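Asker:
Number of protein chains: 4
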Amino acid sequence: MIEVGPNSYGKSAIRLVKVDRDVTPHRIRDLTIAIALRGDFAASYEQGDNAGVIATDTMKNTAYALAGEHLTASIEAFGFALGRHFLAEPQVQEVEVSIEQHPWVPIGDAPDAFTRDGSVTRTARVTVRRDGAEVRAGLAGLIVMKTTRSAFSGFPRDRLTTLKETEDRILATKVTAWWTYAPDGPADHDAAWEDVRSTLLEAFADHDSASVQASIWIVGKAILERHPELADVSMSLPNLHHWTVDLSPFGIENDRQVYVATAEPYGLIEATIRRADVDAGS
Amino acid sequence: MIEVGPNSYGKSAIRLVKVDRDVTPHRIRDLTIAIALRGDFAASYEQGDNAGVIATDTMKNTAYALAGEHLTASIEAFGFALGRHFLAEPQVQEVEVSIEQHPWVPIGDAPDAFTRDGSVTRTARVTVRRDGAEVRAGLAGLIVMKTTRSAFSGFPRDRLTTLKETEDRILATKVTAWWTYAPDGPADHDAAWEDVRSTLLEAFADHDSASVQASIWIVGKAILERHPELADVSMSLPNLHHWTVDLSPFGIENDRQVYVATAEPYGLIEATIRRADVDAGS
Amino acid sequence: MIEVGPNSYGKSAIRLVKVDRDVTPHRIRDLTIAIALRGDFAASYEQGDNAGVIATDTMKNTAYALAGEHLTASIEAFGFALGRHFLAEPQVQEVEVSIEQHPWVPIGDAPDAFTRDGSVTRTARVTVRRDGAEVRAGLAGLIVMKTTRSAFSGFPRDRLTTLKETEDRILATKVTAWWTYAPDGPADHDAAWEDVRSTLLEAFADHDSASVQASIWIVGKAILERHPELADVSMSLPNLHHWTVDLSPFGIENDRQVYVATAEPYGLIEATIRRADVDAGS
Amino acid sequence: MIEVGPNSYGKSAIRLVKVDRDVTPHRIRDLTIAIALRGDFAASYEQGDNAGVIATDTMKNTAYALAGEHLTASIEAFGFALGRHFLAEPQVQEVEVSIEQHPWVPIGDAPDAFTRDGSVTRTARVTVRRDGAEVRAGLAGLIVMKTTRSAFSGFPRDRLTTLKETEDRILATKVTAWWTYAPDGPADHDAAWEDVRSTLLEAFADHDSASVQASIWIVGKAILERHPELADVSMSLPNLHHWTVDLSPFGIENDRQVYVATAEPYGLIEATIRRADVDAGS
């Protein structure tokens, strides 16, 4: 006996830009949207029966059609609107809407000219079911560096260990972060997102790092302490290694000044920091 | 109270090439390896205590050091060897080793010259715990197309539906597939992988497609029927849309001959096909 | 006084797929096309006068509209057809059509199912002017490796030189090659391209390499000797370094067996090999 | 008779980061460097004679070795230092040093924590010969958008033209710009670069665009007028099309509010704007 197990389908990489020209400066919402449905779709697999299969092309149309009326507040609100729309179909049991927002900033005082800020992408994932919903917000692509106050020492050494202990290395990473809002959520998702990003950057700048793991803890703890509307925060941090170049063969001293930045291989540290009571309750 | 929840750390993008020159033609194993550990690491987060933190640099060294002795059979076997090595440390509870193998083929009859076959990547993920292990094998990047016998019709229409029904479209996708071997596994992982790939391609070529969903079912069912050593198979299939170009404004008929290939947006269909008894037993 | 100097404009990344279903197996032409025009366009810059500016959207339409009738032989022939079309406009003095062809191969004996061969991309660039035309053909993305018979020694050493001499290294590269056909060109561009590719691979496999430079010479010379219809051949070869891993700290001998494949930095060697009389005549 | 024609070789993708910690905030120079040599290298091709072939590995070492002493002012100055170093070898006739600088900005008032500014890359290319040198500076990856005051109309229409004329479209592009400094160059390359970028952004924001071509002219002319130290400026501008979505089938008006952003195909407009007397003199 063979059967269909877990499955989902939808449309990804829907590129939608909305411009509001009745504010100064104009407001640009530049989004990449993915919509995925889960529900009673076994017949579409096992019998090739498309009677319940909302076309992914229709999902794309829906994103554009709803943008005028429903993309007026946060991307989280737009995700909800899209989720509720598809949940109206009886065969749909869960809708997951993932949105990336690409920021633009005005050029000087111009009302109608912008540069894209390539420093960070705002992300949201709204999952809507008949019995509830979950909102996760996050950011991606935020590259940060500490030029001092980062160490890595005290780790175990065996015959395969060659890494030297260091009390002063460069710590560089590309932050992907996700956080879950408490059920009632923040009053203003845009403000909440800006606040969490600010806390993340401040905590990253302020702390002394004993390891990437310790940095995740310190930054994550600071976020949860300052933002009671968050239930947890997860980070996925590649360790973008910067190795001190050995210039001694050339008679040149290199006292933590010249580094080679490497792309491969990279450390990867991932963890969720959460409120203990949240866990106890689950 | 704030605590560390689920976490893992390791080294990714370890690029390792091993050449055996005592066979003709030479044998190239070209791998990209990721190692991730899970276990008693809370202190490394909460106290910045690195006493149990095997350096990711050491993981990299280990991959190269073990390659001579242990990378002699399949990548699955090498994944096991790496997994068992790290599991020897008491703080480690689970090791996940993910390996991509990039195939090379000899040039003609040459014993020592090769071209890289960019058509597919073989993948494996070995997860080792004290109480057991799991092996998943797969492939990625396999781009395939059906030029006839692919339809999409009978789907629901609402006011936002503009897609026309079609009994003859191009179906193109980039296959990512994963399968789980039964606990005792195949006798020969290399042969098993080749066989599954062959079945996948044959079933893809043979069937009439009512939708991407139906294709996943038919191909996945064929794989499970012909390969009893598999417990399940999962596929993630982007629908790489090829749209018939409307040339009628130019007085040119285009009877399914000229298409525009598009990259964005794309449909995405993901499902697991499994043996029903496997599910009942879990 | 400020003026417009050299300029061109056009449409890039036109993705066009043509399927001929009246042959067995079906024939797929999967192309990425770029069209660029040069000519009397100064007014479009200096006065914002678009009277002569053929819309790039029209260029895209033209590629699709001409594909039915003119994309029946080689991509070189299609490039000519597109070039001549735009040259009919008096303000256009030169049309450059660049085409990439992505190969597909049938699955077994199937007439209508294919896999994309990711091992190489065929390229062509046709430049058409009122007083003549030039055809360059080429290939890109062909990754090759020699596992023996590749050396690099005898190079100068100064105080900044640390690289060891080697008589047996791995040579790996990703070939981008371009060649110019003699004015009357080959009778059959498809056959000519296949032949040049075969010669390139054979010469790469056969020769002993003293350096990437020497390999370019040997392979390029073989191509020109065997293919009199070519005037020159150029290659751009990144040296995809494979470094022998030093395992001696771990008590393991590594006699050219285990390598780390690197992406950054890479050597880059570029040269044109040509017939001396061709040069003398120009 | 077959011979080597134009050729060059060198090292690309040298990733070098230098941190100066004796200023507040610390100063990060994050560079990607490519070095290419041209000269008397025919013997390395035709005879496999490496006697004159400075190893590309040595070029990499040199970049790191010289960074301490010579990477203290602009990347242009560092390019000169690298160029002169290699030109000391008699077989070298020309050295081309290409440098990308990735900007970092301090987090708040922190002296030692930074975010990478992904909005633009600064570029320089210094070419040094025995009889002179050329410095080109530039920028890449600067994505900009005008939400009003951009038109495209008055272009010729033929039977293959379907694009509608518009007096109000979105203009979006990813700027790659290059400029040549007059022989004596600017006193301060860092300040000059900042000034040119500012002018480019201001002119982009201020002008009314009749086409991408007209925008290149207006922006380029403004740059040359305000910066007499520049001889010319070139731009390569992809037209990142934003198409108004037709929502009328859904009974929704879309008055230039909701757009689909597209990646393929794209217009590509490239031109050099220069001082006429510079041209007359050449």
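Protein chains in written order, with the working numbering: chain H, 1 to 282; chain V, 283 to 564; chain U, 565 to 846; chain E, 847 to 1128.
Every residue, glycine too, gets a C-beta built ideally from N, C-alpha and C.
From a predicted model like this one, the values you see are computed outputs, not experimental measurements.
(1) For the alpha helix (DSSP H) that residue 768/U lies in, which residues bound it at each end?
(2) Counting pairs of Cβ atoms below 8 Å between the segment 891–910 of chain E and the segment 778–797 of chain U, do you hit three or more?
(3) Just the C-alpha distance for residue 690/U and residue 599/U, rounded to the nearest angstrom, thanks.
(4) Out of 965/E, 948/E, 945/E, 929/E, state which residue places its alpha-carbon closest to the alpha-carbon of residue 939/E.
(5) Classify residue 743/U as buried or exposed, calling it buried when 16 or more other Cβ atoms lie within 10 Å of its own Cβ.
(6) By DSSP, does residue 847/E sit in helix, in strand, or in coil?
(7) Alpha carbons only, please: which of 569/U, 806/U, 619/U is nearest the one belonging to residue 820/U?
(8) Looking at C-alpha atoms only, which residue of 1018/E, 1106/E, 913/E is the closest neighbour of residue 863/E?
(9) Any beta carbon from chain V within less than 7 Å of residue 650/U's own beta carbon?
(10) Hey, residue 424/V and residue 402/V are a contact pair by Cβ (cut 8 Å); roughly how many whole angstroms apart?
(11) Counting only beta-carbon atoms, is residue 268/H nearer than 7 Å to chain U?
(12) Tell me whether the beta-carbon of residue 140/H lies closer than 7 Å to the beta-carbon of residue 115/H.
(13) Do residue 258/H and residue 910/E count as a contact pair if the criterion is CB distance below 7 Å?
(14) I need the boundaries of the beta strand (DSSP E) containing residue 114/H, first residue and last residue.
(15) Is DSSP giving residue 530/V helix, strand or coil here?
(16) Considering only the beta carbon of each residue, do residue 285/H and residue 235/H sit closer than 7 Å?
(17) Restricting to Cα atoms, I'd like to know which of 160/H, 269/H, 251/H is closest to residue 173/H.
(18) Drop a sphere of 10 angstroms on the beta-carbon of residue 756/U, count the other beta-carbons inside from all chains shown, and report buried for 16 or more, exposed for fewer.
(19) Report the residue from 649/U, 726/U, 620/U whose alpha carbon sits nearest the alpha carbon of residue 634/U.
(20) Tell me, to the nearest whole angstrom, how far the beta carbon of residue 199/H is from that of residue 222/H; I am working on the premise that it is less than 8 Å.
(21) Touch check for the segment 590–605 of chain U and the segment 974–985 of chain E: three-plus C-beta pairs under 8 Å?
(22) At a Cβ cut of 9 Å, what residues of the segment 104–129 of chain H count as close to chain E, listed as they run along the chain?
(23) With a threshold of 7 Å between beta-carbons, can residue 814/U be considered close to chain H, or not?
(24) Name, please, each residue of chain H whose Cβ falls closer than 8 Å to the Cβ of residue 1050/E.
(25) Tell me which residues share the same chain as residue 543/V and place their Cβ nearer than 6 Å to its Cβ, disregarding the 5 neighbours each side in the sequence.
(26) Using the Cα positions of residue 96/H and residue 479/V, report the straight-line distance between them to the nearest angstrom.
(27) What is the DSSP secondary structure of residue 738/U, reduced to helix, strand or coil?
(28) Quick check on residue 940/E: does DSSP put it in helix, strand or coil?
(29) Name the chain E residues that come within less than 8 Å of residue 633/U, Cβ to Cβ?
(30) So residue 375/V contacts chain H; which residues on that side make the cut at Cβ distance below 9 Å?
(31) Does the CB of residue 562/V have a neighbour CB from chain H at under 7 Å?
(32) Tell me the rounded alpha-carbon separation between residue 1094/E and residue 444/V.
(33) Go through its chain and collect everything with a Cβ distance to residue 506/V's Cβ below 7 Å, but skip five positions before and after it.
(34) Residue 759/U to residue 708/U, Cα distance in whole Å?
(35) Looking at chain V, is there any beta carbon in it that lies within less than 7 Å of the beta carbon of residue 710/U?
(36) Taking 7 Å as the CB-CB limit, is residue 258/H close to chain E?
Answerer: According to the data block:
(1) It spans 753–770 - the alpha helix (DSSP H) in which residue 768/U sits, taken as one unbroken run.
(2) yes
(3) 10 Å
(4) Among 965/E, 948/E, 945/E, 929/E, the Cα nearest to that of residue 939/E is on 929/E.
(5) buried
(6) coil
(7) Taking only the C-alpha atoms, the option nearest residue 820/U is 806/U.
(8) 913/E
(9) no
(10) 5 Å
(11) no
(12) no
(13) yes
(14) 113–116
(15) helix
(16) No information on residue 285/H is available, as it lies outside the stretch 1 to 282 that chain H covers here.
(17) 269/H
(18) buried
(19) 649/U
(20) 6 Å
(21) no
(22) 104, 105, 106, 107, 108, 109, 110, 111, 112, 113, 114, 115, 116, 117, 118, 119, 120
(23) Chain H, which has a Cβ nearer than 7 Å to the Cβ of residue 814/U, makes this yes.
(24) 107, 113
(25) 524
(26) 31 Å
(27) strand
(28) Per DSSP, reduced to three states, the secondary structure at residue 940/E is strand.
(29) Neighbours of residue 633/U on chain E: none; closest Cβ ~13 Å, over 8 Å.
(30) Near residue 375/V there are no residues of chain H at all, since even the closest Cβ is about 15 Å away, more than 9 Å.
(31) A caution first: residue 562/V carries a pLDDT of 43, below 50, which makes its placement in the model unreliable, though a value can still be read off. Output row for residue 562/V: interface = no.
(32) 12 Å
(33) 512, 515, 555, 557
(34) 17 Å
(35) yes
(36) Closer than 7 Å: yes.
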